[in-house]
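One rule links them: number in the numbering used here = place in the sequence shown (from 1) + 325. Only one structure is covered here, and it is reproduced in the block below.
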Amino acid sequence: MLNLHTNFLSIICPLGESSQSAWRGVPIGGLPQSGRKYQLLAMKSIKLVFAAAACAAMFCALSSNAAEEKKKSEVAAEDELFAQTKAMKLRIDLSPAAQEALRKEPKTYVRGTLREGSQALNDVAVRMKGNGSFQGLDKKPSLTVKINEFVQGQKFRGQAKFHLNNSAQDPSYLCETLGGQIFRDAGVPASRTIFARVELNGRDAGLYVLTEAVNKDFLSLNFKKSKGNLYEGSNDDVTDKLDKDSGDDSTEQPDLKALAKAAQEPDPAQRWKKLTPLLDLDRFVSFAAVEVLVWHRDGYSMDRNNYRIYHDPASDQMVFLPHGMDLLLGKANGPIWPEWRGLVARAVLETPDGRQRYRERMAKLLSTAFVPGTLQSRIQELAARVRPNLTDKDALKAFDAAVTQLRDVIAQRASFVDGELKKPQQAAAR
C-alpha cells in the first residue's frame, strides 16, 4: 500500500525538468506556440489518466483489504469462545417461575440471564438436557443455552447456542474434547469444547464442559452450504422419523427414506452402488472407524445413538456427525469388527469395498489422528486446565484416576488395534 501511495504522488506531482525535456523531445523554441500548447494539454491529459487509474487501484486495494479484515474479524468472532485456554466463569440466573417451569418440563426453554463478568445477556433460552447424565435443577444439571431463541440475532462470543455438559459420566472431563479432536483430525466435523465454571441461581454448580452446538453456525464453518436438512439421532435409526433441527419444510424426510432404502438392498455390490450417490462414503468410513477406535460404544455404529446427519446441499450426500462423546475409551480391547447395530454402518461395512476401506482407514488413523504420544501430551495439557477448578477432594481423586486411566488406555488401544489389523482379514472378522 505504501508503494502504491508513493507511485500515486509521483504521478499527480509536476514532472521534473529531465522528464519535461523527454516529453518535449525538441528545444522549446523548436515548435510553434500552438504545438507547445497541444503538447502541454496532452501531458496534462496523460497525467489525469494515470491519476485516475492510480485512484482506482488504490480503491480496489483498500476494498480488498477491508473485505479481508472483515472476513478475519468474522472468523475471529466465531472462534472467540473456543479460543479460551482457561476455564470461563459464567453465571446463569433464572426467575422462580422459570425454575418451576423447568422442574415440570425440563426440556422446554425458559427465559434466563447469562452473565460473564460485567456483560449480561437477558432473555437467553435455557433448558435441561441429558439422558444417562441427567440431573435435577438443584444438583448439577446439564444445560442447553440458546442465545437467540427470544432475541433475534443475539449472540454470546460469536455463538448463538451452546451446551453445558456436567460430565457426570466422565470424571476426567476430557473425553468430549479429545474425541472431537480425533474426529476432526480424521476429516469428520465435530463440536469444539472449552471448560466453564458455572454459577447457577446464585450457587456454584461446578465445572462444566462447554460444547459447541451443531447448528447453522457450525454448518457454516464446516460446509460450503448450511441450508441442508440437519437430523438428530437419539436411540433410533434412519428407518425412523428423526427430529429435524433445520432445513427445508418437508415433513416426509424423503432423503432419509432414500438412504434407508439403499442401505437395505440385500446384494452387497448393488448396495454399494446405490449408496454411493446418497452417502459421503469416504467420510462415513472415517466416522465409523473413529467411533470404534475411541470405543464410542453409545454412538451410531454400535448403538444407533448420539449422532447427527447433515444432508450437504453442495454434494447432495448425507454426512454423519458424532455427538455426546462423554463415554469414550472404556475398553482397550474392544473388537475392531463389533456388532454393527446402525443400519448404515452394517450396510457399508459388510460390503467388500467397505471392509477394505475400513481396514485401511484404521491403519491410517493409527499414524495420524490416534498417535498415543501426541494424545497423551494433549491430555496432560488439558488436565492442567481442569484440575485447578476441582476443589472437592473426592472429585479430585476421581479426576486423577480417570486421567491416568485415559492415558493408559490410549496406548493399550493403539497397540491392540495395530495387532488386530496385522491379522489376516478372516481372523479379524467377527
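Every residue gets a Cβ at the ideal spot worked out from N, C-alpha and C, and that includes glycine.
Quiz prompt | Strand pairing of V449, partner residues [DSSP] | solution = In the sequence shown, the residue the question calls residue 449 occupies position 124. Note: V449 sits in a beta bridge opposite G437.
Exercise. Quick one: which unbroken alpha helix (DSSP H) runs of 4-plus residues sit fully inside the region 490-517? Chain order, please.
Key: 500-510
Self-check item: Candidates L532, S516, R428: closest to T716 by CA position
Solution: As a first step, residue 716 is located in the sequence shown; it is residue number 391 there, counting from the start. For the residues L532, S516, R428, the minimum Cα distance to T716 belongs to L532.
Quiz item: R452: which of L567, K566, A694, R428 sits nearest, CA to CA?
Solution: Residue mapping note: residue 452 aligns to position 127 of the sequence shown, counting from 1. For R452, the nearest C-alpha among the options comes from R428.
Practice problem: Return the CA-CA distance between W620 and Q409, expressed in angstroms with no decimal places. | Solution: By 1-based counting over the sequence shown, the position of residue 620 is 295. By 1-based counting over the sequence shown, the position of residue 409 is 84. The straight-line gap from Cα to Cα measures roughly 28 Å.
Quiz prompt | Reduced DSSP category for K432 - H, G, I as helix; E, B as strand; rest coil | solution = Position 107 of the sequence shown, counted from the start, is the residue given in the question as residue 432. Three-state DSSP puts K432 in coil, outside helix and strand.
Exercise. Give a yes or no on whether the C-beta atoms belonging to D605 and V669 are separated by under 7 Å.
Key: Here the question's residue 605 lines up with position 280 in the sequence shown. Here the question's residue 669 lines up with position 344 in the sequence shown. Not closer than 7 Å, so no.
Self-check item: CB contact flag (A613, L600, <7 Å)
Solution: One-based indexing of the sequence shown puts residue 613 at position 288. One-based indexing of the sequence shown puts residue 600 at position 275. It is not a contact, given that the beta carbons lie outside the stated cut-off.
Quiz item: Do R522 and A412 have their C-beta atoms closer together than 7 Å?
Solution: Stepping through the sequence shown from its first residue, residue 522 is reached at position 197. Stepping through the sequence shown from its first residue, residue 412 is reached at position 87. Yes, the pair counts as a contact, with Cβ atoms nearer than the cut-off.
Quiz item: Which runs of the beta strand (DSSP E) fall wholly inside the region 664-745 and span at least 3 residues, in chain order?
Solution: none
Quiz prompt | D607 versus V673: straight-line alpha-carbon distance, rounded | solution = In the sequence shown, residue 607 corresponds to position 282, counting from 1. In the sequence shown, residue 673 corresponds to position 348, counting from 1. Their backbone Cα atoms lie some 10 Å apart in a straight line.
Self-check item: Beta-carbon proximity list for R671, same chain, < 7 Å, skipping 5 on both sides
Solution: Reading the sequence shown from its first residue, position 346 is the one you call residue 671. The residues are W665.
Quiz item: Just how far apart, CA to CA, sit A426 and V435?
Solution: In the sequence shown, residue 426 corresponds to position 101, counting from 1. In the sequence shown, residue 435 corresponds to position 110, counting from 1. Their backbone Cα atoms lie some 7 Å apart in a straight line.
Quiz item: Shortest alpha-carbon distance to N490 belongs to which of L499, I507, G504, S467?
Solution: Residue mapping note: residue 490 aligns to position 165 of the sequence shown, counting from 1. The shortest C-alpha separation from N490 is found at S467.
Quiz prompt | Per-residue burial, T469 [other beta carbons within 10 Å of its own, 16 or more giving buried] | solution = On the sequence shown, position 144 is the one that residue 469 refers to. Buried.
Quiz item: Taking DSSP as the reference, what is the three-state secondary structure of M627?
Solution: On the sequence shown, position 302 is the one that residue 627 refers to. In the structure shown, M627 sits in a helix (DSSP, three-state: H, G or I).
Quiz prompt | Simplified DSSP state of D574, which is helix, strand or coil | solution = Residue mapping note: residue 574 aligns to position 249 of the sequence shown, counting from 1. Coil.
Quiz item: For M627 versus G504, is the C-beta spacing smaller than 7 Å?
Solution: Against the sequence shown, residue 627 aligns to sequence position 302. Against the sequence shown, residue 504 aligns to sequence position 179. Against a cut-off of 7 Å, the Cβ pair of G504 and M627 comes out as no contact.
Self-check item: Candidates F520, A485, Q484, of which the one nearest C500 by Cα
Solution: Sequence index remark: in the sequence shown, residue 500 carries index 175 (1-based). Among F520, A485, Q484, the Cα nearest to that of C500 is on F520.
Exercise. Spatial neighbours of D743 within its chain, please: CB distance less than 7 Å, with the 5 preceding and 5 following residues excluded, ordered by chain position.
Key: The residue labelled residue 743 in the question sits at position 418 within the sequence shown. Answer for D743: L691, listed in chain order.
Quiz item: Looking at F520 and the ligand GDP, is the gap between the Cβ and the nearest heavy atom below 6 Å?
Solution: Only the bare structure without any ligand can be found here, which leaves the ligand GDP out of the picture.
Quiz item: Which residue comes first and which comes last in the beta strand (DSSP E) that contains S467?
Solution: The residue labelled residue 467 in the question sits at position 142 within the sequence shown. Here the beta strand (DSSP E) through S467 covers 467-471.
Quiz item: Using the rule of at least 16 other Cβ atoms within 10 Å of the residue's Cβ for burial, across every protein chain shown, is K748 buried or exposed?
Solution: By 1-based counting over the sequence shown, the position of residue 748 is 423. With fewer than 16 other Cβ atoms within 10 Å, it is exposed.
Quiz prompt | Minimum length 4: unbroken alpha helix (DSSP H) runs contained in the region 586-644 | solution = 593-600, 606-618, 625-628
Quiz item: How about S545 and S551: are their beta carbons less than 7 Å apart?
Solution: As a working mapping, residue 545 is identified with position 220 in the sequence shown. As a working mapping, residue 551 is identified with position 226 in the sequence shown. Cβ atoms of S545 and S551: closer than 7 Å.
Exercise. Would you kindly report the start and end of the unbroken alpha helix (DSSP H) that includes L544?
Key: Counted from its first residue, the sequence shown places residue 544 at position 219. Note, L544: alpha helix (DSSP H), 541-547.
Self-check item: Pick from P638, F609, Q701 that is closest to A625, judged by C-alpha positions
Solution: Along the sequence shown, read from residue 1 onward, the residue named residue 625 stands at position 300. In the sequence as displayed, the identity of residue 625 is Tyr instead of Ala. The residue with the shortest Cα to Cα distance from Y625 is F609.
Quiz item: Pick from E441, K432, R682: whose alpha carbon is nearest that of D418?
Solution: On the sequence shown, residue 418 is found 93 positions in, with the first residue counted as 1. Comparing Cα positions, the closest option is E441.
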